[in-house]
Amino acid sequence: MFRFFENLVNPYADYAHEDTPPRRVVPFILQYTQGFRTVFVLATVFSIVSAAIEIGLIWAMGWVVDILTGDPGQVWQDHGTALIALAVFILLLRPVLQALDVALMNQTMMPNIGTLIRFRAHAHVLRQSVGWFENDFAGRIANRIMQTPPAVGEVTFQVFDAITFSLAYVLGALIMLGDADPQLIIPLGIWIVLYGLLIRWTVRRVSPASKASSDARSQITGRVVDAYTNIHAIKMFAHHDQEMSHAREAIEHARKTFQREMRLYTIMDVSLVTLNGLLIVGVVGWAIALWAQGSASAGVVAAAAALVLRLNGMTGWIMWATTSLFRELGIVQEGMETIAQPIALVDAPGAAPLALKAGKIEIQSLSHHYGRDSGGLDGITLNIAAGEKVGLVGRSGAGKSTLVKLLLRFYDAEQGRILIDGQDIAKVTQDSLRHQIGMVQQDSALLHRSVRDNLLLGRPGASDDALMQAAMQAQAHEFIMELEDPEGRRGYDAHVGERGVKLSGGQRQRITLARAMLKNAPILLLDEATSALDSEVEAAIQDTLYGMMQGKTVIAIAHRLSTIAQMDRILVMDQGRIVEDGSHDALLARGGLYAQFWARQSGGFLDPDTDTDRETEAGQ
Ligand SMILES: Nc1ncnc2c1ncn2[C@@H]1O[C@H](COP(=O)(O)OP(=O)(O)OP(=O)(O)O)[C@@H](O)[C@H]1O
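Per the working numbering, the sequence shown starts with residue 562, numbered consecutively.
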């Protein structure tokens, strides 16, 4: 029975990926919850039926009071069957209807709506470009992925559980009282208007107040997480006291905003009790007056009293449900700022996969300033022949990594284009482009998974033999075999810690090298691929690396010039431009920037501080 309701909607069902999700909250929720339409209709019907049953029961109690005022000997004879039918209904039918309502709510809607939204929101966010992630905080994105789904669940729950039910209930109460005596509608009608006004007053103030509280809480989270993630810096600078006062400021701000929010609830509660007093005295008093005039029975007074007492009990709950509905809508709206953003970097319509023949790269008038006036790349034109091995050097901030990232289409270039084997990379599918390019980065962060999983990113489904061979070539097999994580997993099964923090920089880099070797893609981009290795390991890897480059088009960025001196051609970048282009010997003979770098290298490194003035110009 549980399983039936739990499986009514499949939260992982296929759906059309949307590049531009709705910008407004209700269409957004409706689009995500399309699969729940039938369930929503059923839930509405059940809510209305439940409210009708509640009202009917109160009406029936009035009827019971009325028949009890007659001759006791006759009651059973005249109304026995009706009383038994009423008892059977209360004992059997009502629980069954209630069970269906609750099961739809608790088993079908609540767990599945949250799951569906979390799954799809994550899928949507993962499709965003690298540039999009660079403009936000990973913590904030994750927070919104976590808090939006339960908020949407809560909104739908309140709509079907409280709002529909209470609207139907109030309507039923008006009908019942009007049926007993139309005059009784007057006090209830006045109360409904005043109650509506109170709800409006509360909602208008609670939404911004709770948003302020939620922002204040996010601020605490931000400061606390910032402190924990930078714990090295805090300890190193003995910054504990300053950290505490920084945190206390945010905590105090949260307390103040929470106090302001709670004042609203206090005012709301007191107003509600006063208003409900008016309801009870108004409706019951009016009913008693009608009874005194002989125009209403004792049953009507009893039913009216039961009705308003029940309403009295419900009003706090309805008020809470309404305010929480609006509060949760606010959370959904905030979440939408992240999870409903259009995907800016998409495959061109009808994009074909990249058909790689030889691996020739043409870069035409390429400029990319990251939305600013300067910095990044400035009008690069460059041809790299198929199979050519190119070294890229230049000061820090010269634009080397930008060039490499544009080749992978992590961003769309602001001007110019890149062709691979004659195909514009903006017109082919992103996946096919990245499948053909192997990359080892300077900042080689790993996923918080096992070593094996990290290696398999290079070639999903690779055999263990292939995996180990790549690790051996990258001088990584030995240390991997010695790894053990706190859960006792060893070797290739050991987990590497968040961003790979449990490994040394050189170990991480060797795993990323092994991954690129496993991928064996025809174009290879090496961005400071061996920068974290000690010279001994680097020397051991260098041969493998040269071997790996055979038959591939390679662009290798390096500060340690000795690692690229053997390349077919060396490009020197400065302030976003290519200023020198030639072989190692030719560039040395030319006596330009490269020759200066080479001459100034101490211990094989290009010293970034050698020419401070030019470095500042380069936009450092
Ligand atoms: N995501 C980004 N958003 C804005 N500006 C950026 C971004 N990435 C790089 N830049 C800027 O672009 C310029 C070139 O940076 P890039 O990382 O390409 O240099 P680089 O030559 O690779 O430097 P390094 O040798 O230090 O890695 C710099 O001025 C940098 O501040």
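For glycine and all other residues, C-beta sits at the position ideal for the given N, C-alpha and C.
Determine whether the beta carbon atoms of residue i and residue j lie at a separation below 7 Å.
| i | j | result |
| --- | --- | --- |
| Ser-928 | Gly-940 | yes |
| Leu-968 | Ile-1118 | no |
| Ile-678 | Tyr-593 | yes |
| Arg-1069 | Gly-1058 | no |
| Arg-1071 | Ala-1035 | yes |
| Glu-715 | Glu-889 | yes |
| Thr-1073 | Val-1001 | yes |
| Lys-918 | Met-1128 | no |
| Ala-734 | Gln-780 | no |
| Leu-825 | Arg-766 | yes |
| Ala-916 | Gln-997 | no |
| Ile-619 | Leu-868 | yes |
| Met-829 | Thr-763 | yes |
| Pro-572 | Thr-669 | no |
| Glu-1141 | Leu-1122 | no |
| Ala-777 | Ala-612 | no |
| Pro-582 | Ala-901 | yes |
| His-685 | Ile-706 | no |
| Arg-1020 | Leu-1085 | no |
| Val-586 | Gln-894 | yes |
| Leu-1149 | Ile-1131 | no |
| Asp-985 | Lys-921 | no |
| Ser-771 | Glu-822 | yes |
| Gly-955 | Val-1133 | yes |
When you compare each of the options to residue i by their alpha carbons, which one comes out closest?
| i | options | result |
| --- | --- | --- |
| Lys-961 | Gly-1066, Arg-1071, Arg-1138 | Arg-1138 |
| Ala-882 | Phe-601, Leu-968, Phe-726 | Phe-726 |
| Val-1098 | Asn-1081, Glu-1039, Tyr-1155, Gly-1058 | Glu-1039 |
| Ala-1037 | Trp-847, Val-716, Thr-1091, Arg-1130 | Thr-1091 |
| Ala-913 | Asp-1025, Gln-1127, Ser-993, Tyr-1155 | Ser-993 |
| Asn-934 | Val-649, Leu-687, Glu-975, Phe-819 | The sequence shown places Asp at residue 934, not Asn. Of the candidates Val-649, Leu-687, Glu-975, Phe-819, the one whose C-alpha sits nearest the C-alpha of Asp-934 is Glu-975. |
| Thr-827 | Gly-877, Gln-902, Met-562, Asn-571 | Gly-877 |
| Arg-1076 | Asp-1054, Met-1029, Ala-1101, Gln-1103 | Met-1029 |
| Ala-523 | Met-666, Leu-1094, Val-625 | One cannot answer for residue 523 here, as it falls past the ends of the chain, which runs 562 to 1181. |
| Arg-1051 | Arg-1013, Asp-1025, Ala-815 | Arg-1013 |
| Ile-724 | Ala-1027, Glu-1089, Ile-760 | Ile-760 |
| His-1018 | Met-1033, Gln-1003, Arg-995, Asp-1004 | Residue 1018 is actually Leu in this sequence, not His. Of the candidates Met-1033, Gln-1003, Arg-995, Asp-1004, the one whose C-alpha sits nearest the C-alpha of Leu-1018 is Arg-995. |
| Ala-815 | Asn-837, Gln-803, Ala-773 | Ala-773 |
| Ser-1005 | Phe-601, Leu-1064, Gly-958, Val-1115 | Leu-1064 |
| Gly-1066 | Leu-1007, Gln-1136, Val-1133, Glu-895 | Leu-1007 |
| Pro-748 | Ala-866, Ala-987, Leu-906, Val-657 | Ala-866 |
| Leu-943 | Pro-672, His-1145, Arg-978 | Arg-978 |
| Glu-579 | Ala-857, Met-1134, Val-965, Val-907 | Val-907 |
| Phe-563 | Pro-656, His-640, Met-666 | Met-666 |
May I ask which residues mark the beginning and end of the beta strand (DSSP E) holding residue i?
| i | result |
| --- | --- |
| His-929 | 922-929 |
| Leu-1085 | 1084-1088 |
| Thr-1114 | 1114-1118 |
| Gln-976 | 976-981 |
| Val-951 | 950-955 |
| Leu-1132 | 1130-1135 |
| Val-907 | Unbroken run through Val-907: none, as it is neither H nor E. |
Say the cut is 6 Å; is the CB of residue i nearer than that to a heavy atom of ligand 1?
| i | result |
| --- | --- |
| Lys-1063 | no |
| Ser-957 | yes |
| Gly-960 | yes |
| Glu-1141 | no |
| Thr-1073 | no |
| Tyr-931 | yes |
| Thr-963 | yes |
| Gly-937 | yes |
| Glu-695 | yes |
Just curious, the alpha helix (DSSP H) that residue i is in, first and last residue?
| i | result |
| --- | --- |
| Gln-719 | Careful: Gln-719 lies outside any alpha helix (DSSP H) and carries neither H nor E. |
| Ile-746 | 746-790 |
| Gly-838 | 801-853 |
| Leu-943 | Per DSSP, Leu-943 belongs to no alpha helix (DSSP H); it is in the beta strand (DSSP E), 938-945. |
| Lys-961 | 961-968 |
### Task
Enumerate, from N- to C-terminal direction, the unbroken beta strand (DSSP E) stretches of 3 or more residues contained entirely within the region 998-1033.
998-1001
#### Entry: Runs of alpha helix (DSSP H) wholly within the region 1025-1074 (minimum 4 residues, chain order)
1025-1034, 1038-1042
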